[in-house]
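Before any comments, here is the structure.
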Amino acid sequence: MARVTVEDCIDKVDNRFELVLLASHRARLISQGAPITIDRDNDKNPVVALREIADETLAPEDLKEDLIHSLQKHVEVDEPEPDASAMISTESQSD
Numbered sequence: 018m019a020r021v022t023v024e025d026c027i028d029k030v031d032n033r034f035e036l037v038l039l040a041s042h043r044a045r046l047i048s049q050g051a052p053i054t055i056d057r058d059n060d061k062n063p064v065v066a067l068r069e070i071a072d073e074t075l076a077p078e079d080l081k082e083d084l085i086h087s088l089q090k091h092v093e094v095d096e097p098e099p100d101a102s103a104m105i106s107t108e109s110q111s112d
């Protein structure tokens with residue numbers, strides 16, 4: 018079992034901090050049941066994720082897009098319905 022370090026992956030992902038974010042996201046996906054693309058060799062999920070990035074079995078751009086998508090939230094704005102606002106304005110005028 019070869020030891021995987023950040024230096025093995027830095028030529029695939031330029032920014033060390035981005036590499037850590039991508040590898041941790043991939044490790045979480047693996048722990049949630051995502052299929053791995055290399056042999057596990059009794060390694061833990063973060064090591065498997067780094068090895069996948071170093072061996073280029075996953076595209077860093079795809080991991081980045083997946084990470085961004087997983088962090089986005091859909092915010093629904095509650096706006097009053099047009100009929101409700103008309104009813105409110107007619108009630109205030111009749112008083």
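Sequence positions in the sequence shown follow this note's numbering and run 18 to 112. By construction, the Cβ of each residue, glycine as well, lies at the ideal position given by its N, Cα and C atoms.
Mind checking whether residue i and residue j have CB atoms under 9 Å apart?
i, j, result
"A66", "R43", "yes"
"L79", "L46", "It should be noted that the sequence gives Asp, not Leu, for residue 79. No; because the gap between Cβ atoms is not below 9 Å, this pair is not in contact."
Rounded to the nearest angstrom, how far is the Cβ of residue i from that of residue j, given a contact under 8 Å?
i, j, result
"D72", "I53", "No, D72 and I53 are not in contact; Cβ-Cβ is about 11 Å, not under 8 Å."
"V21", "R68", "5 Å"
"A40", "I70", "6 Å"
"V23", "L38", "So it is not a contact: roughly 12 Å between Cβ atoms."
So, is residue i buried or exposed, given that buried needs 16 or more other C-beta atoms within 10 angstroms?
i, result
"N141", "Since the first residue of the chain shown is 18 and the last is 112, residue 141 is not available in this structure."
"N32", "exposed"
"L88", "exposed"
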